[in-house]
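The structure appears right after this line, and notes come after that.
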Amino acid sequence: MHDLVPDWPEWELFQLGVHGQRTRERRRALGLSAAQLARAAGVSEATLSRHERGIGFSPSLLDQVGDRHYANNEKLAVALGFADIEEFEQYCGGKSRA
């Protein structure tokens with residue numbers, strides 16, 4: 001959708017769901033329960049659940065820089081099998097902050 005309307009400001013609303021959706025896909029592929037991943041990431045299971053469903057914004061999982069969102073929880077990235085946040089962000093289809 002972003003390719004069709006790259007300057008459409010409402011597109012950013014979908015960014016929350018992208019990180020959460022990709023988190024859930026990866027968690028399930030690794031066979032982790034939500035409770036296991038939440039514990040490893042240092043967040044509540046409710047926070048992780050809201051994140052995976054794209055409901056609301058959680059500063060414990062995402063940073064907002066301008067109108068973009070970026071993964072910020074190193075523990076979450078590592079628990080999902082990524083080397084670091086940048087690798088997780090790439091998996092989510094995001095762009096580097098640089």
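Each residue of the sequence shown is one higher than the last, beginning at 1 in the numbering used here.
Where is the CB? At the ideal position from N, CA and C, for every residue including glycine.
Treat the numbers as computed from the prediction; the structure is a model and nothing was measured.
ask   = Do you know how far the Cα of Asn73 is from the Cα of Ser60?
value = 7 Å
ask   = Between the C-alpha atoms of Leu62 and His51, what's the straight-line distance to the nearest angstrom?
value = 9 Å
key: Cα-Cα separation, Leu80 to Arg26   = 7 Å
message = Rounded to whole angstroms, what is the Cα-Cα separation between Glu86 and Ser49?
response = 22 Å
message = Taking a contact to mean a Cβ-Cβ separation below 7 Å, would you say Ala38 touches Lys75 in this structure?
response = no
key: Close Cβ partners of Ala34 (< 8 Å) along its chain, the five nearest in sequence each way excluded   = Arg27, Glu45, Leu48, Ser49, Glu52
task = Decide if Ala83 is buried, meaning its Cβ has at least 16 other Cβ atoms within 10 Å, or exposed.
result = exposed
request  = Starting from the N-terminal side, write out each stretch of the alpha helix (DSSP H) that is 4 residues or longer and does not extend beyond the segment 50 to 84.
outcome  = 74 to 79
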